[in-house]
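Only one structure is covered here, and it is reproduced in the block below.
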Amino acid sequence: QVQLVESGGGLVKPGGSLRLSCAASGFTFSDYYMSWIRQAPGKGLEWVSHISSSGNTIHYADSVKGRFTISRDNAKNSLYLQMNSLRAEDTAVYYCARDGPFDPWGQGTLVTVSS
Amino acid sequence: DIQMTQSPSSLSASVGDRVTITCRASQSISSYLNWYQQKPGKAPKLLISAASSLHSGVPSRFSGSGSGTDFTLTISSLQPEDFATYYCQQRYSTPRTFGQGTNVEIK
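First to last, the sequence lines map onto chains C and U.
Under our numbering, the first sequence has 79 at position 79, and the numbering climbs by one with no breaks.
Under our numbering, the second sequence has 1041 at position 41, and the numbering climbs by one with no breaks.
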């Protein structure tokens, strides 16, 4: 079945870096835009970034622009989010989702930015 | 950026009640509006896309309507498994934006 599985979350100090991965299966990954969406503890949903099927078109939320980089490897059916210069306010569960509309979603991976 | 405003932010209802949640966009988004359900500790799930198209496997008691700036999600007869938080989301433009959520609680 269609499935997305995130990995790579964890505890990191402010200013540090982390790379999230999202493994896709059950559909033709290379046909779809993909997105990262996050949810801070007890808060609502915030779209972070998306990437076109070919990787040629990328957009970011202003809150992460210049610090986060989205990428994909269609040969490996994988989506990535490189997060640099992390701040306490980046603490959240990060979900990957197939775009347009967002379905399905992965189970999420928790990123905690704290000293 | 397009702002999405949901109302109410929370509501209490009983099993069998008819529940309506409203979502308003800060500018016209045609029918590029999706609804999601999220239960505690779980990822959101798509309920309705394109304002009124019921996603596969979603019970028919859920329905969506609206276009332009005003949208509604209706649950015709609330069931125990429907107690959750509901989010609207526009995909008319980037950045994609969500409403703040509506928490449906047991009365």
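Even for Gly, the Cβ is constructed at its ideal location relative to N, Cα and C.
Which residue wins for smallest C-alpha separation from residue i, given the options the options?
i, options, result
"N74 of chain C", "C:L11, C:S52 and C:F29", "C:F29"
"R38 of chain C", "U:E1105, U:S1067 and U:A1043", "U:A1043"
"F1071 of chain U", "U:A1050, U:T1094, U:F1098 and U:R1024", "U:R1024"
"L1047 of chain U", "U:K1039, U:P1040, U:V1058 and U:G1041", "U:V1058"
"S1009 of chain U", "U:Q1079, U:Q1089 and U:T1022", "U:T1022"
"Q1062 of chain U", "U:T1102, U:L1054 and U:K1107", "Sequence inspection shows Phe at residue 1062 of chain U; the Gln mentioned does not correspond to that position. Closest by alpha carbon: U:L1054."
"P101 of chain C", "U:S1028, U:L1011, U:A1013 and U:Y1032", "U:Y1032"
"L4 of chain C", "C:G15, C:G10, C:L11 and C:A24", "C:A24"
"R1091 of chain U", "U:N1103, U:G1016 and U:Q1027", "U:Q1027"
"I1029 of chain U", "U:T1102, U:G1101, U:E1105 and U:P1095", "U:P1095"
"F1083 of chain U", "U:S1056, U:N1103 and U:Q1006", "U:N1103"
"S1007 of chain U", "U:Q1100, U:K1045, U:K1107 and U:E1081", "U:Q1100"
"T1020 of chain U", "U:K1107, U:S1093 and U:L1078", "U:L1078"
"S107 of chain C", "U:Q1089, U:L1011, U:K1039 and U:G1016", "A small fix is needed here, since residue 107 of chain C is Gln in this sequence, not Ser. Looking at the Cα atoms, U:K1039 is the closest of the given residues."
"S71 of chain C", "C:V64, C:W47, C:N56 and C:W105", "C:N56"
"E1081 of chain U", "U:S1093, U:E1105 and U:G1064", "U:E1105"
"E89 of chain C", "C:T69, C:S63, C:S53 and C:Q1", "C:S63"
Can the beta-carbon of residue i be found closer than 8 Å to that of residue j?
i, j, result
"S21 of chain C", "M83 of chain C", "no"
"T1085 of chain U", "R1018 of chain U", "no"
"K13 of chain C", "S115 of chain C", "yes"
"A1051 of chain U", "G1066 of chain U", "yes"
"R87 of chain C", "V111 of chain C", "no"
"T1069 of chain U", "D1001 of chain U", "no"
"Y1087 of chain U", "G44 of chain C", "yes"
"S35 of chain C", "A97 of chain C", "yes"
"Y80 of chain C", "E6 of chain C", "no"
"N1034 of chain U", "S1049 of chain U", "yes"
"G8 of chain C", "R19 of chain C", "yes"
"Y154 of chain C", "I58 of chain C", "The shown model of chain C, from 1 to 115, leaves out residue 154 of chain C, and the question about it has no answer."
"Y1036 of chain U", "Q1003 of chain U", "no"
"V48 of chain C", "A40 of chain C", "no"
With 8 Å as the threshold, decide whether the Cβ of residue i is near any Cβ in chain U.
i, result
"P101 of chain C", "yes"
"Y95 of chain C", "yes"
"W47 of chain C", "yes"
"W36 of chain C", "no"
"A61 of chain C", "yes"
"Q1 of chain C", "no"
"G108 of chain C", "yes"
"G44 of chain C", "yes"
Under 8 Å, Cβ to Cβ, is there at least one residue of chain C near residue i?
i, result
"F1098 of chain U", "yes"
"Y1092 of chain U", "no"
"N1103 of chain U", "no"
"L1046 of chain U", "yes"
"S1049 of chain U", "yes"
"A1043 of chain U", "yes"
"P1040 of chain U", "no"
"P1059 of chain U", "no"
"P1008 of chain U", "no"
"P1095 of chain U", "yes"
Does the CB of residue i have a neighbour CB from chain D at under 8 Å?
i, result
"Y1086 of chain U", "The question asks about chain D, but that chain is absent: this structure's protein chains are C and U."
**Request:** Tell me the start and end of each unbroken beta strand (DSSP E) in the segment 28-58 of chain C that is at least 3 residues and wholly inside, in chain order.
**Result:** Scanning the segment 28-58 of chain C for uninterrupted beta strand (DSSP E) segments of 3 residues or longer gives 34-39 and 45-51, listed from N- to C-terminal end.
**Item:** Contact residues within the segment 14-37 of chain C, judged by C-beta distance below 9 Å to chain U
**Value:** For the segment 14-37 of chain C, which is checked against every Cβ of chain U, the residues closer than 9 Å are S35 and I37.
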